[in-house]
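Engineer: Taking my numbering, the leading residue of the sequence shown gets 122, the next gets one more, and so forth.
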Amino acid sequence: SNCFLVLSGRLSGDIVLKAVRVGIPIVASISAALNSGIDVAKKANLTLIGFVRGRRMNVYNAPERILP
Numbered sequence: 122s123n124c125f126l127v128l129s130g131r132l133s134g135d136i137v138l139k140a141v142r143v144g145i146p147i148v149a150s151i152s153a154a155l156n157s158g159i160d161v162a163k164k165a166n167l168t169l170i171g172f173v174r175g176r177r178m179n180v181y182n183a184p185e186r187i188l189p
């Protein structure tokens with residue numbers, strides 16, 4: 122899919138699972154990723170990014186989708 126999801130809240134397992142179900146490969150937020158969200162992202166090979174601030178971010182899974 123050629124889209125991604127950007128949020129302002131925490132990345133919970135429920136939110137990440139919804140993204141997986143509709144085929145969104147990248148989910149990012151300015152907030153933290155919860156352990157449940159990280160677990161779902163790893164099982165689904167979804168790129169999960171938290172604490173996005175300018176050019177800084179924490180990539181929790183599948184960093185190969187992120188370009189430098």
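Using N, Cα and C, we set each Cβ at its ideal position, and we do this for glycine too.
Just to confirm, are residue 125 and residue 145 a CB contact at a threshold of 8 Å?
Structural biologist: Translated into positions along the sequence shown, residue 125 becomes position 4. Translated into positions along the sequence shown, residue 145 becomes position 24. It is a contact, given that the beta carbons lie within the stated cut-off.
Engineer: Residue 148 to residue 189, Cα distance in whole Å?
Structural biologist: For the purposes of this step, residue 148 is taken as the residue at position 27 of the sequence shown. For the purposes of this step, residue 189 is taken as the residue at position 68 of the sequence shown. Their backbone Cα atoms lie some 17 Å apart in a straight line.
Engineer: Kindly list the residues whose CB is nearer than 8 Å to the CB of residue 180, restricted to its own chain and excluding five residues on each side of it in sequence; keep chain order.
Structural biologist: As a position in the sequence shown, residue 180 is number 59, starting the count at 1. Taken in chain order, the residues that qualify are 168, 169, 170, 187.
Engineer: If you reduce the DSSP assignment to three classes, tell me which class residue 142 lands in.
Structural biologist: In the sequence shown, the residue the question calls residue 142 occupies position 21. Residue 142 falls in the helix class under three-state DSSP.
Engineer: Can you tell me whether DSSP reads residue 186 as helix, strand or coil?
Structural biologist: Locating residue 186 in the sequence shown gives position 65, where the first residue counts as 1. Of the three classes helix, strand and coil, the one that applies to residue 186 here is helix, per DSSP.
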